[in-house]
Amino acid sequence: MMIQIKRDKAINAHTSKIVETPSHIDQSALEVRQQREKAAELLRGFDTVIEQLKQIRIPGPLLAYSRGQSDRASHTDLSLYAWISASDPQHSLQDLVEQVKEQITN
Numbered sequence: 001m002m003i004q005i006k007r008d009k010a011i012n013a014h015t016s017k018i019v020e021t022p023s024h025i026d027q028s029a030l031e032v033r034q035q036r037e038k039a040a041e042l043l044r045g046f047d048t049v050i051e052q053l054k055q056i057r058i059p060g061p062l063l064a065y066s067r068g069q070s071d072r073a074s075h076t077d078l079s080l081y082a083w084i085s086a087s088d089p090q091h092s093l094q095d096l097v098e099q100v101k102e103q104i105t106n
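The sequence shown begins at 1 in UniProt numbering and counts up by one.
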């Protein structure tokens, strides 16, 4: 009888620890939820970022130099937004924002 009581107490002690400790799955779910909240917060301000990218100018001579072109005087300045957009004409930064929004809401 005494052994049974000790065993029951030990089982109860271990069971209460299991109940008190969040499971690995719960912890992972919490981390995913927190990351989604962070991503949503970043995306809320992204329209401002796009406007800032449109205001930042890249000097034409610097663009020519980066492309290895010797005639630097004939190049015109370009916004950072336009330069980024030109690097992948099939996708825009706004497309990227929409794709990320879809991923974090699903």
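From the three backbone atoms N, C-alpha and C, an ideal C-beta is built for every residue, glycine too.
query: Is it true that the region 72-87 meets the region 51-59, where meeting means three or more beta-carbon pairs spaced less than 8 Å apart?
result: yes
message: Could you check whether residue 53 and residue 104 sit closer than 9 Å to each other, using their CB atoms as the reference points?
response: On the sequence shown, position 104 is the one that residue 104 refers to. On the sequence shown, position 53 is the one that residue 53 refers to. In this structure, residue 53 does not lie closer than 9 Å to residue 104 by Cβ.
field: residue 28, DSSP secondary structure in three states
entry: Looking up residue 28 in the sequence shown gives position 28. Of the three classes helix, strand and coil, the one that applies to residue 28 here is helix, per DSSP.
task: Could you give the DSSP three-state label for residue 56: helix, strand or coil?
output: As a first step, residue 56 is located in the sequence shown; it is residue number 56 there, counting from the start. In this structure, residue 56 counts as coil in the three-state DSSP scheme.
- request: Give me whichever residues DSSP pairs with residue 63 in a beta bridge.
  value: For the purposes of this step, residue 63 is taken as residue 63 along the sequence shown, with counting starting at 1. None, per the DSSP bridge assignment.
- request: Please determine, among 51, 75 and 87, the residue with the shortest C-alpha to C-alpha distance to residue 62.
  value: Taking the first residue of the sequence shown as 1, we reach residue 62 at position 62. Among 51, 75 and 87, the Cα nearest to that of residue 62 belongs to 75.
Residues that DSSP places opposite residue 78 in a beta bridge: The sequence position of residue 78 within the sequence shown is 78, counting from 1. Its beta-bridge partners are 58.
message: Assuming contact is defined by CB atoms lying nearer than 9 Å, are residue 100 and residue 39 in contact in what I supplied?
response: For the purposes of this step, residue 100 is taken as the residue at position 100 of the sequence shown. For the purposes of this step, residue 39 is taken as the residue at position 39 of the sequence shown. Their beta carbons are under 9 Å apart, which means residue 100 touches residue 39 by this criterion.
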